[in-house]
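If you read the sequences in order, they're chains A and B.
If you number the first sequence the way our numbering does, the last residue is 1171 and the count never jumps.
If you number the second sequence the way our numbering does, the last residue is 1171 and the count never jumps.
Have a look at the structure below, then the notes.
Number of protein chains: 2
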Amino acid sequence: MPEKQQTEEPSERQQQAEEKPRRRQARGERRVAQLLEAAASVFCRTGYTAASTNAIAREAGVSPGTLYQFFPNKEAIAVGLSDQLLDHWARSHGQALARENAGLPLDRMLDAVLDPLIAFNVENPAFAVLMHGADTPGVIVDEIGTLHGALLARVEEMIGARLPDLPSDVRTRTANMAVHLFKAGLTLVMSHEGAERDAYIAELKTVMHRYLEPLLDSGSPAGH
Amino acid sequence: MPEKQQTEEPSERQQQAEEKPRRRQARGERRVAQLLEAAASVFCRTGYTAASTNAIAREAGVSPGTLYQFFPNKEAIAVGLSDQLLDHWARSHGQALARENAGLPLDRMLDAVLDPLIAFNVENPAFAVLMHGADTPGVIVDEIGTLHGALLARVEEMIGARLPDLPSDVRTRTANMAVHLFKAGLTLVMSHEGAERDAYIAELKTVMHRYLEPLLDSGSPAGH
DNA sequence: CAAGAATGCGAGTGGTCGCTCGCATTTGTC
DNA sequence: GACAAATGCGAGCGACCACTCGCATTCTTG
């Protein structure tokens, strides 16, 4: 891979060392959307590394040169797609983990938290690919890591709200395990369709419920 | 990738259409072992696709030509490594899932089943890489799929022994979920060291116990 | 409409990778 | 020691890939 030596020389023109904000026409915006959609499709089929930029361009019905009119390199395509997904997530389901759910009974809370997460992943399979892919570029790993950390913090927060006396390391471990259990169940859910998928969703909720219930019941004996 | 057109012409010499059993010296056997060890190391660092055969040869301290003296192509290296791991598994821990464990109390059974699995994966990290890698060659996926299927069948068997009345689709789903939960916990275990790792092992067992306990207790009320 | 900018093209460039080939060296066998 | 087979080497071949460049076309703007 050429991997372009990125040694910028910040002399001569010190203005806008980062980007050239080229004026973009409506046609260009459409092309960008087309290319991101094509990239999502190709990434889902083959993963990041095996997805060739030429294949993405072909899937979008444009030439390689056109692709590079809108993205400086391959990584930027994945970053653009990741940004779009993260933005879509924040705008549509970002409030699913809000504090208001912390007071619900466990099964209700699991519905409130898991259902939007599952729905989003089912509708945007590229998200899971970039999330779990071992070859995802570092920049995206960082971005997703931030989201992951926020998710973890929220889960910790919810556990802490119910069990203030739980040692913090146990709380962290429990939250980490819960998130990983969800990810495992999610791949199982996404690898099935229709009724079978629904059954696995129910099973995943059972797992989470049985894992978290004893923890919460021991703290606040308001169980059934 | 050249991906050598494998169109064998089985005419002319119809004997041994599969292999050329070249006589191998002791030095050759050692080289094969060296190369497999180097491959395991490189695969662990970079995954299958990103691991270049030249890098494997360099890690083993030999030339690319020497590597191809012992393996016909890159895939064969991974297959050889996979075979070695599967063989090692069968000889060292293959009996961990034997029927004798089926009668143990749940926590004992989980120790008997999970501890060897965890130990093997910790000692052979390349196994997990080939197992979870999205770019693992199809032949290996099949081989591992067989092992996975056997594991699943054993788990189903153990569930069926305790709960003969459970519908078969529920039993299959439960076994599938249990195996996936284990895999998720395993990655969590393997990404930590020392005391933290032990804590995650205990947490994983807690997860499995809480998931499976209600199921088994409802069938045979011989609980604690 | 004219001019400049944005868009579109696709053959081409440098680079890496899987793999080969001719040849040298070591080992086993008589 | 003689001969062949097995082992070892590393420059190099062909294929693919990320990315570029010169040039044509379309849009915006005055």
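Glycine residues also receive a C-beta, built at the ideal position from the N, C-alpha and C atoms.
Predicted model only: the values in this text are computed from it and were never measured.
Show which residues of chain A have a CB atom less than 7 Å away from the CB atom of B:E1150.
What you label residue 1150 of chain B is simply residue 203 of the second sequence in a count that begins at 1. Chain A residues near B:E1150: R1120 and M1124.
How do the segment 990-1002 of chain B and the segment 1074-1091 of chain B stand: do at least 3 beta-carbon pairs fall below 8 Å, yes or no?
Yes, since at least three Cβ pairs between the segment 990-1002 of chain B and the segment 1074-1091 of chain B fall closer than 8 Å, the two stretches touch.
Counting only the same chain and skipping the five closest in sequence on each side, list residues whose C-beta sits under 7 Å from that of A:E1103.
By one-based count along the first sequence, residue 1103 of chain A stands at place 156. Correct list, in chain order: R1118, T1119 and A1122.
For the candidate residues B:D1058, B:E1022 and B:F1067, whose alpha-carbon lies nearest to that of B:H1040?
Here residue 1040 of chain B refers to the residue found at position 93 when the second sequence is read from its first residue. Comparing Cα positions, the closest option is B:F1067.
Pop quiz: A:E1006 and A:V989 are said to be a contact at Cβ under 8 Å. What is the actual Cβ separation, rounded to whole angstroms?
By 1-based counting over the first sequence, the position of residue 1006 of chain A is 59. By 1-based counting over the first sequence, the position of residue 989 of chain A is 42. About 6 Å; that satisfies the 8 Å criterion.
Determine, using beta carbons only, whether B:L1033 and B:E1090 come nearer to each other than 8 Å.
Locating residue 1033 of chain B in the second sequence gives position 86, counting from the first residue. Locating residue 1090 of chain B in the second sequence gives position 143, counting from the first residue. In contact: B:L1033 and B:E1090 (Cβ atoms closer than 8 Å).
Is it right to say B:S958 is buried, meaning 16 or more other beta carbons lie within 10 angstroms of its own, or is it exposed?
Here residue 958 of chain B refers to the residue found at position 11 when the second sequence is read from its first residue. Because B:S958 carries a pLDDT of 38, less than 50, the predicted location of this residue cannot be relied on, and no value is offered for it.
Determine the burial state of B:R969: buried for a count of at least 16 other Cβ atoms within 10 Å of its Cβ, exposed for fewer.
Locating residue 969 of chain B in the second sequence gives position 22, counting from the first residue. By the neighbour-count rule (16 or more Cβ atoms within 10 Å), B:R969 is not buried but exposed.
A:L1053 and A:L1133: beta carbons closer than 8 Å?
As a first step, residue 1053 of chain A is located in the first sequence; it is residue number 106 there, counting from the start. As a first step, residue 1133 of chain A is located in the first sequence; it is residue number 186 there, counting from the start. Cβ distance not < 8 Å, so A:L1053 and A:L1133 don't count as in contact.
Closest to B:I1087 by C-alpha separation, out of B:G1027, B:G1008, B:V1136 and B:E1143, would be which residue?
Here residue 1087 of chain B refers to the residue found at position 140 when the second sequence is read from its first residue. Of the candidates B:G1027, B:G1008, B:V1136 and B:E1143, the one whose C-alpha sits nearest the C-alpha of B:I1087 is B:G1027.
At 4 residues or longer, and completely inside the segment 1003-1044 of chain A: list those alpha helix (DSSP H) runs for me, N to C.
Within the segment 1003-1044 of chain A, the complete alpha helix (DSSP H) runs of at least 4 residues are 1011-1017 and 1021-1040.
Can you give, in chain order, each stretch of the alpha helix (DSSP H) that sits fully within the segment 1093-1160 of chain B and has at least 4 residues?
Counting whole runs of 4 or more residues, the segment 1093-1160 of chain B contains the alpha helix (DSSP H) stretches 1115-1137.
Is DSSP giving A:N1048 helix, strand or coil here?
In the first sequence, the residue the question calls residue 1048 of chain A occupies position 101. Note: A:N1048 maps to helix in three-state DSSP.
State buried or exposed for B:S1029, treating a residue as buried only when at least 16 other CB atoms are found within 10 Å of its CB.
Residue 1029 of chain B sits at position 82 when you count from the first residue of the second sequence. B:S1029 should be labelled buried.
Do we get a CB-CB distance below 8 Å when we pair A:G1107 with the residues of chain B?
As a working note, residue 1107 of chain A is residue 160 in the first sequence. Taking Cβ atoms only, chain B never reaches closer than 8 Å to A:G1107, which makes this a no.
Here's the rule I'm using: 16 or more other beta-carbon atoms within 10 Å means buried, otherwise exposed. How should B:R971 be labelled?
Here the question's residue 971 of chain B lines up with position 24 in the second sequence. Exposed, since its Cβ has fewer than 16 Cβ neighbours within 10 Å.
Do B:V1069 and A:M1124 have their C-beta atoms within less than 8 Å of each other?
Stepping through the second sequence from its first residue, residue 1069 of chain B is reached at position 122. Stepping through the first sequence from its first residue, residue 1124 of chain A is reached at position 177. It is not a contact, given that the beta carbons lie outside the stated cut-off.
Using a Cβ cut-off of 9 Å, pull out every chain B residue sitting near A:A997, in sequence order please.
As a position in the first sequence, residue 997 of chain A is number 50, starting the count at 1. In chain order: T996, A1081 and D1082.
In this structure, how does DSSP classify A:Q972 when only helix, strand and coil are distinguished?
Residue mapping note: residue 972 of chain A aligns to position 25 of the first sequence, counting from 1. The answer is coil: DSSP assigns A:Q972 none of H, G, I, E or B.
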